[in-house]
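Working notes, structure below.
There are 2 protein chains.
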Amino acid sequence: MRQAGRYLPEYRAIRERVDFLTLCKTPELAAEVSLQPVERFGVDVCIIFSDILIPVEAMGIPISFGDSGPQLERSVRSRADVDVLRVPDPASTMPFVAETIRLCKRALAGRAALLGFTGAPFTLAAYTIEGGGSKNFASTKSLLYSDPQLCHALLDKLASATAEHAAAQIAAGAQAIQVFDTWAGELEPAAYEEFALPYHTRVIERIRSAGVPAILYVNGCAGVLELMARSSADVLSVDWRITLSEARARIGPSIALQGNVDPAILLSTPVRVAQAAFAALEAAGPAGHVLNLGHGILPDTPVACAQAFVDAPKVATVS
Amino acid sequence: MRQAGRYLPEYRAIRERVDFLTLCKTPELAAEVSLQPVERFGVDVCIIFSDILIPVEAMGIPISFGDSGPQLERSVRSRADVDVLRVPDPASTMPFVAETIRLCKRALAGRAALLGFTGAPFTLAAYTIEGGGSKNFASTKSLLYSDPQLCHALLDKLASATAEHAAAQIAAGAQAIQVFDTWAGELEPAAYEEFALPYHTRVIERIRSAGVPAILYVNGCAGVLELMARSSADVLSVDWRITLSEARARIGPSIALQGNVDPAILLSTPVRVAQAAFAALEAAGPAGHVLNLGHGILPDTPVACAQAFVDAPKVATVS
Numbered sequence: 001m002r003q004a005g006r007y008l009p010e011y012r013a014i015r016e017r018v019d020f021l022t023l024c025k026t027p028e029l030a031a032e033v034s035l036q037p038v039e040r041f042g043v044d045v046c047i048i049f050s051d052i053l054i055p056v057e058a059m060g061i062p063i064s065f066g067d068s069g070p071q072l073e074r075s076v077r078s079r080a081d082v083d084v085l086r087v088p089d090p091a092s093t094m095p096f097v098a099e100t101i102r103l104c105k106r107a108l109a110g111r112a113a114l115l116g117f118t119g120a121p122f123t124l125a126a127y128t129i130e131g132g133g134s135k136n137f138a139s140t141k142s143l144l145y146s147d148p149q150l151c152h153a154l155l156d157k158l159a160s161a162t163a164e165h166a167a168a169q170i171a172a173g174a175q176a177i178q179v180f181d182t183w184a185g186e187l188e189p190a191a192y193e194e195f196a197l198p199y200h201t202r203v204i205e206r207i208r209s210a211g212v213p214a215i216l217y218v219n220g221c222a223g224v225l226e227l228m229a230r231s232s233a234d235v236l237s238v239d240w241r242i243t244l245s246e247a248r249a250r251i252g253p254s255i256a257l258q259g260n261v262d263p264a265i266l267l268s269t270p271v272r273v274a275q276a277a278f279a280a281l282e283a284a285g286p287a288g289h290v291l292n293l294g295h296g297i298l299p300d301t302p303v304a305c306a307q308a309f310v311d312a313p314k315v316a317t318v319s
Numbered sequence: 001m002r003q004a005g006r007y008l009p010e011y012r013a014i015r016e017r018v019d020f021l022t023l024c025k026t027p028e029l030a031a032e033v034s035l036q037p038v039e040r041f042g043v044d045v046c047i048i049f050s051d052i053l054i055p056v057e058a059m060g061i062p063i064s065f066g067d068s069g070p071q072l073e074r075s076v077r078s079r080a081d082v083d084v085l086r087v088p089d090p091a092s093t094m095p096f097v098a099e100t101i102r103l104c105k106r107a108l109a110g111r112a113a114l115l116g117f118t119g120a121p122f123t124l125a126a127y128t129i130e131g132g133g134s135k136n137f138a139s140t141k142s143l144l145y146s147d148p149q150l151c152h153a154l155l156d157k158l159a160s161a162t163a164e165h166a167a168a169q170i171a172a173g174a175q176a177i178q179v180f181d182t183w184a185g186e187l188e189p190a191a192y193e194e195f196a197l198p199y200h201t202r203v204i205e206r207i208r209s210a211g212v213p214a215i216l217y218v219n220g221c222a223g224v225l226e227l228m229a230r231s232s233a234d235v236l237s238v239d240w241r242i243t244l245s246e247a248r249a250r251i252g253p254s255i256a257l258q259g260n261v262d263p264a265i266l267l268s269t270p271v272r273v274a275q276a277a278f279a280a281l282e283a284a285g286p287a288g289h290v291l292n293l294g295h296g297i298l299p300d301t302p303v304a305c306a307q308a309f310v311d312a313p314k315v316a317t318v319s
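Chains as they are written, first to last, in my numbering: chain W, 1 to 319; chain L, 1 to 319.
Structure, rendered in structure tokens:
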């Protein structure tokens with residue numbers, strides 16, 4: 001999950017000077033906030049600071065970020081809306097992403113692995129159809145069920161765009177790519193299989209053919225875990241609504257798991273956070289586990305709780 | 001799930017004259033809107049029109065309903081906030097609920113079964129702690145993890161209040177009670193087991209000891225199905241994020257299932273809706289299934305799509 005965020009005072013200090021989108025597009029600053037959790041906590045992975053909607057903007061839909069989340073200048077509802085979208089060349093439309101990766105890589109000098117990411121086609125389709133975030137994805141699902149062909153055309157373009165976006169990050173030095181199909185868990189399994197799985201699989205195969213591991217995240221994944229396992233992802237990143245032991249039992253021994261502490265637990269106390277981290281480590285078993293949260297860290301998280309989460313596995317390893 | 005709702009023109013016509021809470025508290029009108037889906041569609045169950053927060057108001061927290069959902073006059077955050085809550089006597093504090101049931105029963109004259117409902121303790125606790133609805137239940141979880149004893153005291157009072165609320169509905173003539181632990185699926189399974197399961201089990205046992213079946217609903221239940229099965233509910237009402245065939249395989253043959261079509265499918269076309277109903281019937285298998293949606297019907301649902309959903313099982317039975 002994202003490591004930089006509104007909970008760190010050094011991040012907030014920068015955001016007082018620049019807005020969210022400017023920060024994404026200014027490599028020196030994006031690299032600085034990407035590195036902040038490495039400098040403060042000594043985490044072993046650095047995640048580049050960016051946003052999953054960056055490629056959507058490169059496809060031709062301007063985006064703004066307000067207090068109520070992302071806002072798209074127009075939403076996709078018709079075939080003409082899909083036809084007008086470009087499959088962007090990352091080098092000319094999103095050069096700041098590759099540059100951020102290069103700056104991070106240089107500054108890290110091997111201290112931590114460098115992780116890039118991309119939104120998955122279905123999740124980006126949901127944002128483009130809704131024109132922003134949504135509570136129940138009513139517009140998205142209405143279109144999926146009433147005009148599946150139109151949705152497949154949109155998903156096809158998004159798969160090409162995100163696969164190229166991921167490949168460009170790898171070419172710039174990203175050592176693994178996390179694919180966020182965050183909202184695919186809102187679909188019934190049959191719709192997940194038709195509208196999410198084939199498209200994120202295309203992106204994941206592009207990542208793996210470039211020689212780096214792919215991590216697939218779906219929020220609310222308990223009903224579609226076996227389908228996630230068919231994506232060819234190296235790591236499945238799961239949310240907290242299922243235990244890691246059950247997830248392991250259902251997907252078998254050959255795929256790694258990432259997760260899955262409820263980020264809301266980091267709103268309690270450092271001791272309680274450490275307990276939750278230990279419980280996740282125990283439930284995950286001895287091998288193939290990346291300790292992480294089950295979704296993004298919440299803005300009001302006390303820094304001491306984030307610190308406790310990072311330190312817990314070190315304690316567990318020593319003891 | 002709720003049958004009456006904003007999608008029916010005859011319901012909207014009444015709501016133009018009275019606000020939501022007045023409608024809940026006026027038995028003649030509440031009975032009228034309860035009966036509307038029976039009159040229009042010929043559904044085989046009539047669900048009384050009310051709201052899960054009615055007992056919370058009876059406990060001493062005034063509630064209002066605006067465009068952005070329910071709003072509580074104050075939220076529960078301290079021991080004093082819990083201590084001041086009453087365990088209400090339903091006959092004196094919520095007489096309109098029993099009266100609505102009696103009016104429905106008389107008007108139905110056996111044409112359809114009559115279903116009462118109550119919010120479950122955890123879900124009502126979440127509303128009282130948040131002071132309304134929530135996107136991620138950050139305040140609720142923060143309190144659960146930092147002061148579990150306080151939360152248990154709150155849940156204990158809510159369990160007593162909702163058990164009595166359910167018993168009063170049965171005494172008035174409800175033939176089954178649905179227990180809505182709508183937001184318990186947002187908890188990690190260990191927290192569900194500690195804060196949701198024991199309290200809704202108390203309510204369910206009270207319902208069953210009064211001689212009627214209990215239906216337990218949890219939204220996003222795929223990770224906690226086995227825990228739901230331990231509640232002693234006669235029927236588990238599941239959302240669409242898991243297939244009914246997988247749910248059946250996991251809970252065994254002895255508990256009935258209810259659900260689980262995605263309400264957003266009713267935003268498409270009558271033909272597509274009928275396909276979804278058939279698919280649910282097929283996935284549920286031959287026995288122990290109540291065809292239903294996986295959550296409440298959405299406000300913009302075309303009446304023709306609701307009709308198609310109600311008619312589909314009749315067609316399936318004939319063919």
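Note that CB positions come from ideal geometry on N, CA and C, so glycine has one too.
Residue i classed as buried or exposed, judged by whether at least 16 other C-beta atoms fall within 10 angstroms
i	result
W/S209	exposed
L/S268	buried
L/D262	buried
L/R241	buried
W/E186	buried
W/D19	exposed
W/S319	Summary for W/S319: the model assigns pLDDT 47, below 50, so the residue's position carries little reliability; its value from the coordinates is reported in the next sentence. With fewer than 16 Cβ atoms within 10 Å of its Cβ, W/S319 is classed as exposed.
W/A312	buried
W/E282	exposed
L/K135	exposed
L/E130	buried
L/L239	According to the sequence provided, residue 239 of chain L is Asp. The question's Leu does not apply to it. Label assigned to L/D239: buried.
W/G66	exposed
L/P299	exposed
L/D89	exposed
L/V84	exposed
L/R206	buried
L/P9	exposed
W/V271	exposed
DSSP beta-bridge partners of residue i
i	result
L/T118	L/V179
W/A113	W/V45
Coil, strand or helix - residue i by DSSP
i	result
L/P302	coil
L/F65	strand
W/H152	helix
L/E132	Contrary to the premise, residue 132 of chain L reads as Gly rather than Glu in this sequence. Strand.
L/G185	helix
L/A8	Note on identity: in this sequence residue 8 of chain L is Leu, with Ala being the wrong assignment. Coil at L/L8, not helix or strand.
L/S319	Any reading at L/S319 needs caution, since the residue's pLDDT is 47, under 50, leaving its predicted position unreliable; the model's value is listed next. If DSSP states are grouped into helix, strand and coil, L/S319 belongs with coil.
L/A167	helix
W/I297	coil
L/F309	helix
W/T123	helix
W/K25	coil
L/R17	coil
L/F137	coil
W/A174	coil
**Asked** In the stretch 232–248 of chain L, which residues sit with their C-beta less than 7 Å from some C-beta in chain W, listed in chain order?
**Response** W240, R241, I242 and T243
**Request:** Quick one: which residues of the stretch 259–276 of chain W get their C-beta closer than 7 Å to a C-beta of chain L? List them in chain order.
**Result:** D262, A264, I265, L267, S268, T269 and R272
**Prompt:** Which residue spans inside the stretch 31–99 of chain L form an unbroken beta strand (DSSP E) run of at least 3?
**Reply:** 45–47, 63–66 and 69–72
**Item:** Unbroken stretches of the beta strand (DSSP E), 3 residues or longer, contained in the stretch 204–292 of chain L
**Value:** 214–217, 235–237 and 256–261
**Prompt:** Between the stretch 141–168 of chain L and chain W, which residues of the former have a C-beta closer than 7 Å to a C-beta of the latter?
**Reply:** K141, S142, Y145 and S146
**Request:** For the stretch 298–317 of chain L, enumerate the residues whose C-beta is nearer than 8 Å to any C-beta of chain W, in chain order.
**Result:** L298 and D300
**Message:** Output needed in chain order: residues of the stretch 180–191 of chain L with a Cβ under 9 Å from some Cβ in chain W.
**Reply:** G185, E186, L187, E188, P189, A190 and A191
**Message:** Any C-beta of chain L within less than 8 Å: which residues of the stretch 210–234 of chain W qualify?
**Reply:** G220, A222, G223 and V224
**Request:** Scan the stretch 192–207 of chain W for residues whose Cβ lies nearer than 8 Å to a Cβ of chain L and list them as they occur along the chain.
**Result:** Answer set for the stretch 192–207 of chain W: empty.
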